[in-house]
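S.K.:
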Amino acid sequence: MIVPCIVLAAVGAMAVEPSSFYQQSMQEFVDYINSAQSLFKAGVPTKGFKPRFMDPKYLELNKKTLLRKVPVVLAAEQNITIPPRFDAREMWSNCKSIRLVRDQGNCGSCWAVAATSVMSDRLCIASGQRIQTLLSATDLLSCCKDCRKNGGDPCEGGEREEAWIYLNTHGICSGGPYNRTTGCKPYMFPPCDHVSIDMDLGHNFCKDKETLPVPECAEECLKGYGKTYAEDRVHGFGYEVDTDEEEIQKEIMTRGPVQATFIVYADFGIYKSGIYKRVLDRKNKRLAPHTVKIIGWGVENMNGRDVKYWLISNSWGPRWGENGFFRMIRGENHCLIESEVVAGQMIP
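In numbering that gives the first Met the number 0, the protein residues as written are 0 to 347.
#1: Check whether the segment 100-110 touches the segment 149-157, taking contact to mean three or more Cβ pairs, one atom from each stretch, closer than 8 angstroms.
#2: Can you name, in chain order, every residue of its own chain whose Cβ lies under 7 angstroms from the Cβ of L211, other than the five neighbours on each side?
#3: By a C-beta neighbour count over all protein chains shown, 10 Å radius and 16 as the cutoff for buried, is L134 buried or exposed?
#4: Take I274 as the anchor and find which of E230, D280 and L310 has the nearest alpha-carbon.
#5: To the nearest angstrom, how far is it from the Cα of R254 to the Cα of G295?
#6: Below 8 angstroms, can you find three or more Cβ-Cβ pairs linking the segment 80-97 to the segment 111-124?
#7: So who's on the other strand from I346, going by DSSP bridges?
#8: Got a sec? Which residues, its chain only, sit under 6 angstroms from E218 by beta carbon, not counting five neighbours each side?
#9: Rounded to the nearest angstrom, what separates L279 and E321 at their Cα positions?
#10: If you follow the alpha helix (DSSP H) that K184 is in, where does it begin and where does it stop?
#11: Report the three-state DSSP secondary structure of S314 (helix, strand or coil).
#12: I need the boundaries of the alpha helix (DSSP H) containing L122, first residue and last residue.
#13: Between which two residues does the alpha helix (DSSP H) containing I164 stretch?
#14: Going by DSSP in three states, I274 sits in which element: helix, strand or coil?
#15: Quick one: what's got a C-beta closer than 8 angstroms to E215's C-beta in the same chain, skipping five residues either side?
#16: Note the first and the last residue of the continuous beta strand (DSSP E) segment covering E299.
#17: Quick one, are the C-beta atoms of A136 and Q258 less than 8 angstroms apart?
#18: Near R232, what residues of its chain come up, given a Cβ to Cβ distance below 8 angstroms and the 5 sequence neighbours on each side ignored?
#19: With DSSP run on the structure shown, which of helix, strand or coil describes G174?
#20: Which class does A217 belong to by DSSP, given the choice of helix, strand or coil?
#21: Between which two residues does the alpha helix (DSSP H) containing A265 stretch?
#22: Using three-state DSSP, classify E339 as helix, strand or coil.
#23: Drop a sphere of 10 angstroms on the beta-carbon of D192, count the other beta-carbons inside from all chains shown, and report buried for 16 or more, exposed for fewer.
#24: Assuming contact is defined by CB atoms lying nearer than 8 angstroms, are G237 and I164 in contact in what I supplied?
#25: Once you ignore the five residues that flank L335 on each side, which residues in its own chain have a CB closer than 6 angstroms to its CB?
#26: Excluding the 5 residues flanking M345 on each side, which residues of the same chain have their C-beta closer than 6 angstroms to its C-beta?
#27: Using beta-carbon positions only, say whether I247 and E337 come within less than 8 angstroms of one another.
#28: If the criterion is Cβ atoms closer than 8 angstroms, does the pair G323 and S312 meet it?
#29: Taking only three categories from DSSP, how would you classify T64?
#30: Report buried or exposed for L65, applying the criterion of at least 16 other Cβ atoms within 10 angstroms of its Cβ.
#31: Suppose you measure from the CA of S34 to the CA of E27; what does that come to, to the nearest Å?
#32: Would you kindly work out how many angstroms separate the C-alpha atoms of P317 and Q103, rounded to a whole number?
#33: Which two residues bound the contiguous beta strand (DSSP E) that contains R326?
#34: Just to confirm my understanding: we take A41, look at its own chain, exclude 5 residues before and 5 after, and list those with CB closer than 7 angstroms. What are they?
#35: Does DSSP put E239 in a helix, in a strand, or in coil?
#36: Quick check: K292 and P256, are their CB atoms within less than 8 angstroms of each other?
Written as structure tokens, this is what we have:
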């Protein structure tokens, strides 16, 4: 599946006219969303902010049907009891990568960032929480040619299945966050403010950042790094997770976080806290797909009823949402979140 990622981060998309969304006052839209539901809180994006996924350039109708390029695998432990709450950060507390919130910056690279985040988590888990290596999204962006949308700019989306196939056929090297010297190929795009930041924090808008060209694939590491590119690469294999709530839960419990893709609507961009469930209204435009990392689930009593949710790590930095995370309604395949799940087995 092509994921033309959103920056506030985007993936695939429906063609819409973004100007119509901004003809109304943002405060009016936020007030409307907050009055239309009580599960999550919306907030006013910073004055003058217009997320990159609203740009028609990133809103191309994706007519390609999903062709499964990796097998469907059921969780190995079929008789385990699924608890009402689970958090991979607590289950594998020594795996630092699970807690890390990445920032894709001004690049539609969520497909690569989410994939390498899940791979990093699973590598640590498979090693008995010994290996703390962060795998490089930059390596995927620059070297996985089959990952690119129609062979184009990897910052305008990519094939999530191909990322996992590339892990198997080529391997992926290590790479820490932007401007760090950790890993073979650190992330190349600086962090930026995506949405809903407080007015007094200062601004570093993604929309104001120039999208740097992704470098050509180079099979070499950062100068001074202690390994060669070939020595540093990690391998594994990917698979689809069955489109069933309990199968996804078992997969996370037994093997670690998973990569999931869902459809973004306009009200997701103004999410601040709570359990996200899109407002069903034509004002709430369908925008684009986005891919993220599910790390757990839970239940919260809201207005006298128990509401099930997925616990999800986004790639828009720690200032977005609930410290970089968000919760989404669970068990309803909401915005297709449960129908597009992929994971993999890592080789430590």
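No residue lacks a Cβ here, since even glycine has one placed at the ideal position from N, Cα and C.
M.R.: On the basis of the supplied data:
#1: yes
#2: Counting from 1 along the sequence shown, the entry for residue 211 is found at position 212. So the qualifying residues of the chain are M187 and F188.
#3: By 1-based counting over the sequence shown, the position of residue 134 is 135. Answer is buried; the Cβ neighbour count reaches 16.
#4: Working through the sequence shown from its first residue, we reach residue 274 at position 275. When only C-alpha atoms are compared, the closest one is L310.
#5: As a working mapping, residue 254 is identified with position 255 in the sequence shown. As a working mapping, residue 295 is identified with position 296 in the sequence shown. Using only the alpha carbons, I get a separation of about 12 angstroms.
#6: yes
#7: Taking the first residue of the sequence shown as position 1, residue 346 is located at position 347. Per DSSP, H234.
#8: Locating residue 218 in the sequence shown gives position 219, where the first residue counts as 1. Same-chain partners within the cutoff: Y228.
#9: As a working note, residue 279 is residue 280 in the sequence shown. As a working note, residue 321 is residue 322 in the sequence shown. If you take the alpha carbons of L279 and E321, they lie about 23 angstroms apart.
#10: For this step, residue 184 is matched to residue 185 along the sequence shown. From DSSP, K184 is part of no alpha helix (DSSP H); its letter is neither H nor E.
#11: Residue numbering aside, residue 314 sits at position 315 when the sequence shown is read from its first letter. Correct three-state label for S314: coil.
#12: The residue labelled residue 122 in the question sits at position 123 within the sequence shown. First-last of the alpha helix (DSSP H) with L122: C109 to A125.
#13: Taking the first residue of the sequence shown as 1, we reach residue 164 at position 165. R159 to T168 is the span of the alpha helix (DSSP H), which, as asked, contains I164.
#14: Position 275 of the sequence shown, counting from 1, holds the residue named residue 274. I274: strand per DSSP, three-state reduction.
#15: For this step, residue 215 is matched to residue 216 along the sequence shown. Only S141 meet the Cβ criterion.
#16: The count along the sequence shown starts at 1 and reaches residue 299 at position 300. Looking at the DSSP string, the run of the beta strand (DSSP E) that includes E299 is R285 to M301.
#17: Translated into the one-based positions of the sequence shown, residue 136 becomes position 137. Translated into the one-based positions of the sequence shown, residue 258 becomes position 259. Cβ distance not < 8 angstroms, so A136 and Q258 don't count as in contact.
#18: By 1-based counting over the sequence shown, the position of residue 232 is 233. Excluding residues within five positions, the ones whose Cβ falls inside 8 angstroms are H169, G170, I171 and C172.
#19: Locating residue 174 in the sequence shown gives position 175, counting from the first residue. The answer is coil: DSSP assigns G174 none of H, G, I, E or B.
#20: For the purposes of this step, residue 217 is taken as residue 218 along the sequence shown, with counting starting at 1. Looking at A217 - three-state DSSP - the assignment turns out to be coil, as it is neither helix nor strand.
#21: One-based indexing of the sequence shown puts residue 265 at position 266. Careful: A265 lies outside any alpha helix (DSSP H) and carries neither H nor E.
#22: As a first step, residue 339 must be located in the sequence shown, where it is residue number 340. Three-state result, E339: coil.
#23: Mapped onto the sequence shown, residue 192 falls at position 193. Burial call: buried.
#24: Position 238 of the sequence shown, counting from 1, holds the residue named residue 237. Position 165 of the sequence shown, counting from 1, holds the residue named residue 164. Contact: yes.
#25: If you number the sequence shown from 1, residue 335 lands on position 336. So the qualifying residues of the chain are F261 and I262.
#26: Residue 345 sits at position 346 when you count from the first residue of the sequence shown. Once the five neighbours on either side are set aside, the close Cβ partners of M345 are R121, L122, A125 and G235.
#27: Counted from its first residue, the sequence shown places residue 247 at position 248. Counted from its first residue, the sequence shown places residue 337 at position 338. Yes.
#28: For the purposes of this step, residue 323 is identified with residue 324 of the sequence shown, where counting begins at 1. For the purposes of this step, residue 312 is identified with residue 313 of the sequence shown, where counting begins at 1. Going by C-beta atoms, G323 is nearer than 8 angstroms to S312.
#29: Looking up residue 64 in the sequence shown gives position 65. In this predicted model, T64 has a pLDDT of only 34, less than 50, meaning its place in the structure is not dependable; the value taken from the coordinates is given anyway. In this structure, T64 counts as coil in the three-state DSSP scheme.
#30: For the purposes of this step, residue 65 is taken as the residue at position 66 of the sequence shown. Only weak support exists for where L65 lies, its pLDDT of 38 falling under 50; the value from the coordinates is given anyway. It is exposed - the Cβ of L65 has fewer than 16 other Cβ atoms within 10 Å.
#31: Locating residue 34 in the sequence shown gives position 35, counting from the first residue. Locating residue 27 in the sequence shown gives position 28, counting from the first residue. Between S34 and E27, the C-alpha separation is close to 10 angstroms.
#32: By 1-based counting over the sequence shown, the position of residue 317 is 318. By 1-based counting over the sequence shown, the position of residue 103 is 104. If you take the alpha carbons of P317 and Q103, they lie about 11 angstroms apart.
#33: Position 327 of the sequence shown holds residue 326. Its beta strand (DSSP E) spans residues F324 to I328.
#34: For the purposes of this step, residue 41 is taken as the residue at position 42 of the sequence shown. Same-chain partners within the cutoff: V29, I32, N33, D266, I269, Y270 and K271.
#35: For the purposes of this step, residue 239 is taken as the residue at position 240 of the sequence shown. In this structure, E239 counts as strand in the three-state DSSP scheme.
#36: Numbered from 1 along the sequence shown, position 293 holds the residue referred to as residue 292. Numbered from 1 along the sequence shown, position 257 holds the residue referred to as residue 256. Yes, Cβ-Cβ distance for K292 and P256 is below 8 angstroms.
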